[in-house]
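Here the structure comes first, spelled out in structure tokens, and everything after it is commentary.
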Amino acid sequence: MAPPSTDGIPSKTIGTQSNEINYQDRHAVRVIVQREANDNIIIIHVKKGNYYKLPGGGVEGDEDYQLAAEREVLEETGCKASIDTKCIGVVEEWRNDLHQTSYCYIGNVTDDSGRPELTEDEVLDGLEHEWAPVQDALQKLKGIKPTSELGIYIQERDTFLLETFLAL
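Spelled out as structure tokens, the structure:
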């Protein structure tokens with residue numbers, strides 16, 4: 002499936018493209034998952050690398066982007082979420098040999114089993130999701146000191162996306 006239209010949507014580029022590198026293209030989704038009843042959103046703490054991130058991950062094949070967002074939220078948090086159709090922000094990353102474009106959506110929890118379906122790598126990385134008020138989540142994202150290059154990229158990406166959400 003084609004990526005969503007990004008006309009007029011806030012965007013950010015992290016890293017610099019080099020003509021000397023053959024990049025692997027990857028499309029991904031990020032989701033700001035909220036509860037209708039309050040101001041809390043989900044953030045995920047990744048112990049290995051010491052950083053926080055928004056739920057999300059890669060779009061598989063010709064998968065619909067909203068369906069990819071629903072799947073990633075369920076896998077990483079155990080929550081079923083209704084995903085808004087409008088993309089609210091885009092981040093393009095040039096990292097090592099990866100060219101990744103992340104599309105951010107807003108999701109509202111419809112059911113919370115609290116039982117994530119993490120991959121073996123995610124378990125080894127120590128992923129744990131938590132609920133936090135939006136401003137607290139932003140402070141956690143910005144205030145932690147990642148110990149990996151990946152964590153530094155994710156911190157910059159997800160801080161931008163959460164600040165974009167707060168500006169809506």
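So for the sequence shown, the numbering used here puts the first residue at 2; every next one is plus one. Glycine is no exception: its CB is placed at the ideal position from the N, C-alpha and C atoms. Note that the coordinates shown come from a computational prediction; the quantities given were computed from them, not determined experimentally.
Where the beta strand (DSSP E) through residue i begins and ends
i	result
Thr160	It is not in any beta strand (DSSP E) - Thr160 instead sits in the alpha helix (DSSP H) that spans 150 to 167.
Gly108	99 to 113
Chain-order list of residues whose beta-carbon lies under 8 Å from that of residue i (same chain, five-residue window excluded)
i	result
Trp95	Thr14, Ile15, Gly16, Thr17, Gln18, Ser19, Tyr24
Asp126	Val47, Lys48, Lys49, Gly50
Leu99	Tyr24, Gln25, Arg27
Ala82	Val32, Val34, Ala70, Glu71, Val74, Leu75, Gly108, Asn109, Val110, Thr111
Ile10	Cys88, Ile89, Gly90, Val91
Three-state secondary structure assigned by DSSP to residue i
i	result
Glu118	coil
Ala138	helix
Same chain, Cβ closer than 6 Å to residue i, neighbours up to 5 away in sequence not counted
i	result
Leu139	Leu163
Met2	Asp63, Asp65
Lys143	Thr160
Glu121	none
Asp113	Cys80
Ile84	Gln67, Ala70, Glu71, Tyr106, Gly108
Whole-Å CB distance - residue i paired with residue j, under 8 Å assumed
i	j	result
Glu61	Glu118	No, Glu61 and Glu118 are not in contact; Cβ-Cβ is about 15 Å, not under 8 Å.
Val34	Cys80	6 Å
Arg31	Ser103	5 Å
Lys54	Ile155	5 Å
Thr165	Gly90	4 Å
His130	Thr78	5 Å
Trp132	Ile43	6 Å
Contacting residues, own chain, Cβ-Cβ under 7 Å from residue i (five flanking each side not counted)
i	result
Pro134	Asp40, Asn41
Gln101	Arg27, Ala29, Glu94
Ile22	Asp98
Trp158	The sequence shown places Arg at residue 158, rather than the Trp named in the question. Hits under 7 Å: Ile15, Val92, Glu94, Ser103.
Gly115	Gly79
Runs of 3 residues minimum, wholly inside the region 13 to 94: which ones carry the beta strand (DSSP E) assignment?
25 to 35, 41 to 47, 52 to 54, 57 to 59, 80 to 84
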